[in-house]
Amino acid sequence: GQQLNQSPQSMFIQEGEDVSMNCTSSSIFNTWLWYKQDPGEGPVLLIALYKAGELTSNGRLTAQFGITRKDSFLNISASIPSDVGIYFCAGQTGRDAGGTSYGKLTFGQGTILTVHP
Amino acid sequence: DGGITQSPKYLFRKEGQNVTLSCEQNLNHDAMYWYRQDPGQGLRLIYYSQIVNDFQKGDIAEGYSVSREKKESFPLTVTSAQKNPTAFYLCASSRWSHPTEAFFGQGTRLTVV
Numbered sequence: 001g002q003q004l005n006q007s008p009q010s011m012f013i014q015e016g017e018d019v020s021m022n023c024t025s026s027s028i029f030n031t032w033l034w035y036k037q038d039p040g041e042g043p044v045l046l047i048a049l050y051k052a053g054e055l056t057s058n059g060r061l062t063a064q065f066g067i068t069r070k071d072s073f074l075n076i077s078a079s080i081p082s083d084v085g086i087y088f089c090a091g092q093t094g095r096d097a098g099g100t101s102y103g104k105l106t107f108g109q110g111t112i113l114t115v116h117p
Numbered sequence: 118d119g120g121i122t123q124s125p126k127y128l129f130r131k132e133g134q135n136v137t138l139s140c141e142q143n144l145n146h147d148a149m150y151w152y153r154q155d156p157g158q159g160l161r162l163i164y165y166s167q168i169v170n171d172f173q174k175g176d177i178a179e180g181y182s183v184s185r186e187k188k189e190s191f192p193l194t195v196t197s198a199q200k201n202p203t204a205f206y207l208c209a210s211s212r213w214s215h216p217t218e219a220f221f222g223q224g225t226r227l228t229v230v
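Right under this line is the structure:
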């Protein structure tokens with residue numbers, strides 16, 4: 001089945017540093033989503049990307065939809081302690097392969113971010 | 118407020134017992150999903166449902182069962198056949214369309230004692 005490779009698996013940074021993580025796939029995706037999960041909670045949607053090449057910001061977060069439609073990255077600028085958590089990417093092909101996968105989302109394995117004060 | 122609700126937040130089960138986790142949404146979403154998350158790990162898809170009275174196995178369906186009798190509800194039963202059931206379980210919902218966004222519940226932490 002489809003797989004998303006998310007990297008790095010974990011990051012340990014100092015407060016104030018910028019962070020970059022990415023997702024890649026061997027398949028084309030037509031929607032990319034980025035989520036953040038706080039410990040013991042459900043993931044929360046951060047940014048949604050719908051067009052190849054699209055660059056979208058949400059405060060200190062910036063995400064891009066790769067031009068090949070096989071990758072996406074998320075940047076966090078000037079990290080703060082509350083940025084700690086697990087960040088997930090998710091992709092959707094949006095193509096009707098017999099109607100069985102049209103709306104289905106595939107998730108990456110997550111990047112665990114630790115921010116030292 | 119529209120949203121997706123999982124209950125209970127914490128659940129303890131004796132080995133050999135079945136247990137059912139609740140997931141309800143009032144977002145009028147067609148699709149609902151169940152994921153399992155182990156400590157420090159990503160999300161693994163257990164089951165998903167595109168529409169009422171229909172559901173498909175995900176990547177790790179063995180030892181689990183679901184039903185989708187109502188659009189708003191997608192309960193997950195962890196059966197005694199699941200060999201390692203202790204985990205954090207997450208329910209999500211989305212439109213079954215393109216593009217779409219999934220929204221998650223707060224999760225249920227299941228511990229087998």
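Chains as they are written, first to last, in this note's numbering: chain U, 1 to 117; chain B, 118 to 230. Backbone N, C-alpha and C define an ideal beta-carbon position, used for all residues, glycine too.
- Query: For the candidate residues B:Lys131, B:Phe220, B:Leu227 and B:Val230, whose alpha-carbon lies nearest to that of U:Val44?
  - Reply: B:Phe220
- Under 9 angstroms, do B:Leu227 and B:Cys140 count as touching if we go by C-beta distance? no
- Could you name the residues of the same chain whose beta carbon sits closer than 6 angstroms to that of B:Ile168, not counting the 5 residues immediately before and after it, in chain order? Asp147
- Task: Kindly list the residues whose CB is nearer than 6 angstroms to the CB of U:Leu55, restricted to its own chain and excluding five residues on each side of it in sequence; keep chain order.
- Result: Gln64
- Query: So B:Tyr152 and B:Leu144 are in contact, right, with Cβ under 8 angstroms, and what is the actual spacing, rounded?
  - Reply: That pair is no contact at about 17 angstroms.
- Item | Straight-line Cα distance separating B:Ser210 from B:Gly120 | 9 angstroms
- Message: Taking 6 angstroms as the limit between beta carbons, can you name the residues of its chain near B:Phe183, skipping five residues before and five after?
- Response: Correcting the residue type first, residue 183 of chain B is Val in the shown sequence and not Phe. Counting only Cβ-Cβ distances below 6 angstroms, and skipping sequence neighbours, we find Tyr164, Phe172 and Leu193.
- Go ahead and pull the three-state DSSP assignment for B:Ser214. coil
- Message: Starting from U:Val120, trace the beta strand (DSSP E) in both directions and tell me its first and last residue.
- Response: The structure shown does not extend to residue 120 of chain U, since chain U is modelled only from 1 through 117, so no value can be given for it.
- My guess is that U:Lys70 and U:Thr31 are in contact by the Cβ rule of under 8 angstroms, so how many angstroms apart are they, rounded? Going by Cβ atoms, the distance from U:Lys70 to U:Thr31 rounds to 13 angstroms, so no, they are not a contact pair.
- Task: Go ahead and pull the three-state DSSP assignment for U:Asp83.
- Result: helix
- Query: To the nearest whole angstrom, what separates the beta carbons of U:Met21 and U:Leu74, a pair I think is in contact under 8 angstroms?
  - Reply: 5 angstroms
- Query: Rounded to the nearest angstrom, how far is the Cβ of U:Tyr87 from that of U:Leu113, given a contact under 8 angstroms?
  - Reply: 6 angstroms
- Query: Comparing alpha-carbon positions, which option in B:Tyr206, B:Gln199, B:Gln158 and B:Thr217 lies nearest U:Ser10?
  - Reply: B:Gln158
- Message: Counting only Cβ pairs nearer than 7 angstroms, list the residues of chain B close to U:Gly42.
- Response: Leu207, Phe221, Gly222, Gln223 and Gly224
- Item | Status (buried if at least 16 other CB within 10 Å, exposed otherwise) for U:Ile76 | buried
- Please compile the residues from chain B whose C-beta is within a distance smaller than 8 angstroms of the C-beta of U:Phe88. Gly159 and Leu160
- Query: What residue from U:Asp18, U:Pro8 and U:Ile47 has the CA that sits closest to B:Glu218's CA?
  - Reply: U:Ile47
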